[in-house]
Amino acid sequence: MEDVTAEQLNKIQKQLTERYEHKQTVFQQEDDPLVKDYVEAFWQRIVASKKFDLVSVEKLSRMVNMDTLQHSNAREIGAENIAYQTWEKLQLTPLLLSAGFTPEQAKLAATQVISRAVYPASEFKTARWIKENSAVCELTDYDMDKVTKDRLYQSALHLYKAKDALEKHLSSRTNELFDLEDKIILYDLTNTYFEGEKRNSQLAKFGRSKEKRSDARLVVLALVVNIEGFIKYSSILEGNIADCATLSAMIEKLAAHTCPGPAVVVLDAGIATEENLKLIESKGYKYLCVSRTRLKDYTYVPDRLTTLLETKSKQTIRLRSVTTEKNTDYYLEVKSPSKEKKEEGMKLQFEKRFEEELQKIHTAAPQGRNKTNR
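Read in order, the letters of the sequence shown are residues 489 to 862 in the working numbering.
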């Protein structure tokens with residue numbers, strides 16, 4: 489081997505040993521062709537000579553013998569770590585401290601929020617999950633032995649007291665992180681019912697349930713989001729409140745939280761009363777909604793093009809600009825052929841059932857006499 493230097497000999501020896509011990513070089517790859525050729529040639533001679541038990545060497549070279557591996561107190565940390573990094577990016581701990589939380593209360597709040605994000609369950613199940621399955625306390629530095637359902641209940645109440653400050657902070661912080669401008673705001677309502685009687689509740693009232701539960705008390709949930717899906721404002725209202733009566737408080741919060749400047753508020757027809765639309769305009773916003781009244785005697789705007797849109801379900805929607813003499817708002821006629829077919833089918837089905845019931849009445853009524861109730 490007169491054609492190699494001392495340094496090359498050392499490399500050949502090292503690489504042969506590493507291959508024999510099944511070690512791999514991660515950070516530095518050999519680029520000397522002479523060294524590579526000698527290593528490969530010597531290794532083939534070693535294998536051919538059968539002087540070494542390569543199978544036994546492979547077993548001995550394992551860092552961990554998977555056949556005898558045992559573990560105890562194993563805990564999950566993957567999803568918790570992602571949620572914790574999000575908590576840190578949102579800078580929620582400094583906010584809670586400025587809102588009057590003690591350092592320990594802030595750690596418990598972080599523990600609870602992360603746990604509920606990863607494992608949404610009751611306070612009782614959350615406490616048990618933290619103690620038995622999760623390493624979330626290793627991230628938040630909260631003493632796991634202090635976690636109880638009662639402490640989680642108390643922490644939730646503390647967080648709810650800081651609700652306005654949290655929503656305002658999250659609204660501006662998410663805009664900063666993702667470089668967003670809230671030009672379009674979506675506002676909608678829903679309601680949910682309670683299985684219990686809730687007799688002493690000031691919010692739970694009987695109302696019009698969207699889940700057809702007229703027998704149960706309700707609360708109304710109001711939510712404002714931007715088009716990226718980030719929550720701007722939320723509220724829990726009385727179950728019997730009218731949809732149109734909720735807008736005033738929402739507009740005031742919206743201006744304080746996120747959008748002091750011009751933006752378009754998207755809302756449905758149930759909220760879009762004349763008074764509410766005037767209120768939106770008085771605050772400097774624009775609006776987009778479904779008209780509560782059916783337009784009559786309107787004409788198509790001749791210099792506006794007809795627009796065809798395709799929905800996610802591959803249905804075509806046609807948009808045309810229309811105008812009327814009495815209204816100054818900008819109107820669009822929205823037509824969907826598939827929806828028209830569906831509505832026509834519903835109408836025909838209703839007419840058929842109505843005629844069938846009439847026929848039943850005719851068949852059951854005595855001939856030649858009028859059947860009346862007394």
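We put the beta carbon where it would ideally sit given N, CA and C, even for glycine. Values in this document were obtained by computation on a predicted structure and should not be read as measured data.
Between Leu596 and the ligand HEM, is the CB less than 6 Å from at least one heavy atom? As presented, the structure is devoid of all ligands, the ligand HEM included, so that no description of it is given.
8 Å contact criterion, which Leu711 and Ser722 should meet: CB distance rounded: As a first step, residue 711 must be located in the sequence shown, where it is residue number 223. As a first step, residue 722 must be located in the sequence shown, where it is residue number 234. Indeed, because the Cβ distance is near 5 Å, the residues count as touching under 8 Å.
Taking only the alpha-carbon atoms, compute the straight-line gap between Pro750 and Ser689 and give it to the nearest angstrom. Working through the sequence shown from its first residue, we reach residue 750 at position 262. Working through the sequence shown from its first residue, we reach residue 689 at position 201. Near 38 Å, if we compare the C-alpha coordinates of Ser689 and Pro750.
Does DSSP classify Val789 as helix, strand or coil? To locate residue 789, count along the sequence shown from 1; it is residue 301. Three-state DSSP puts Val789 in coil, outside helix and strand.
First and last residue of the beta strand (DSSP E) that includes Tyr675? Translated into positions along the sequence shown, residue 675 becomes position 187. Counting along the chain, the unbroken beta strand (DSSP E) around Tyr675 starts and ends at 672-681.
Who are the Cβ neighbours of Val810 in its own chain at under 6 Å, not counting the five residues just before and after it? As a position in the sequence shown, residue 810 is number 322, starting the count at 1. Taken in chain order, the residues that qualify are Tyr786, Tyr788, Tyr819, Glu821.
Can you say whether Tyr648 is buried or exposed, counting buried as having 16 or more other CB atoms within 10 angstroms of its CB? Counting from 1 along the sequence shown, the entry for residue 648 is found at position 160. Residue environment for Tyr648: exposed (fewer than 16 other C-beta atoms within 10 angstroms of its C-beta).
For Ala567, which residues from the same chain have a beta carbon less than 7 Å from its beta carbon, with the 5 sequence-adjacent residues on both sides left out? Within the sequence shown, numbered from 1, the residue matching residue 567 stands at position 79. Cβ-Cβ distances below 7 Å link Ala567 to Val606 in the same chain, with the five nearest sequence neighbours on each side left out; the list follows chain order.
Might you give, ordered along the chain, the residues of its own chain that have their beta carbon closer than 8 Å to the beta carbon of Ala744, omitting 5 neighbours on each side? For the purposes of this step, residue 744 is taken as residue 256 along the sequence shown, with counting starting at 1. Closer than 8 Å at Cβ, skipping near neighbours: Lys656.
Residue ranges of each beta strand (DSSP E) run of no fewer than 3 residues wholly in the stretch 738-775, ordered along the chain? Assignment of beta strand (DSSP E) within the stretch 738-775, counting only whole runs of 3 or more residues, yields 752-754 in chain order.
Report the rounded CA-to-CA distance for Glu699 versus Thr680, giving the unit in angstroms. In the sequence shown, counting from the first residue as 1, residue 699 sits at position 211. In the sequence shown, counting from the first residue as 1, residue 680 sits at position 192. Approximately 8 Å between the Cα atoms of the pair.
Segment limits, alpha helix (DSSP H) that includes Tyr607: Walking along the sequence shown from the start, residue 607 turns up at place 119. Segment: none, Tyr607 is in no alpha helix (DSSP H) and carries neither H nor E.
Less than 7 Å between the beta carbons of Gln600 and Leu665, yes or no? Looking up residue 600 in the sequence shown gives position 112. Looking up residue 665 in the sequence shown gives position 177. Inclusion of Gln600 and Leu665 in the CB contact set at 7 Å is not warranted, their separation being larger than that value.
Is the Cβ-Cβ distance between Ala623 and Thr636 less than 7 Å? Here residue 623 refers to the residue found at position 135 of the sequence shown. Here residue 636 refers to the residue found at position 148 of the sequence shown. Not a contact, by the Cβ cut-off of 7 Å.
Less than 7 Å between the beta carbons of Arg806 and Leu793, yes or no? To locate residue 806, count along the sequence shown from 1; it is residue 318. To locate residue 793, count along the sequence shown from 1; it is residue 305. Going by C-beta atoms, Arg806 is not nearer than 7 Å to Leu793.
CA-CA distance, Ser643 and Lys613? If you number the sequence shown from 1, residue 643 lands on position 155. If you number the sequence shown from 1, residue 613 lands on position 125. Looking at the backbone, the Cα of Ser643 and that of Lys613 are separated by about 15 Å.
Hey, could you find the ends of the beta strand (DSSP E) Asn714 is sitting in? Counted from its first residue, the sequence shown places residue 714 at position 226. Counting along the chain, the beta strand (DSSP E) containing Asn714 begins and ends at 706-714.
Exposure of Asp519, with buried meaning 16 or more beta-carbon neighbours within 10 Å: Stepping through the sequence shown from its first residue, residue 519 is reached at position 31. Exposed, by the Cβ-count rule.
Give every residue of the same chain whose Cβ lies closer than 8 Å to the Cβ of Arg862, excluding the five residues on either side of it in the sequence, and list them in chain order. Taking the sequence shown and counting its residues from 1, the one referred to as residue 862 is at position 374. Because Arg862 sits at a pLDDT of 47, beneath the cut-off of 50, its placement in the model cannot be relied upon, and the point is left open.
By the DSSP assignment, the beta strand (DSSP E) with Glu798 in it spans what residues? As a working note, residue 798 is residue 310 in the sequence shown. First-last of the beta strand (DSSP E) with Glu798: 795-798.
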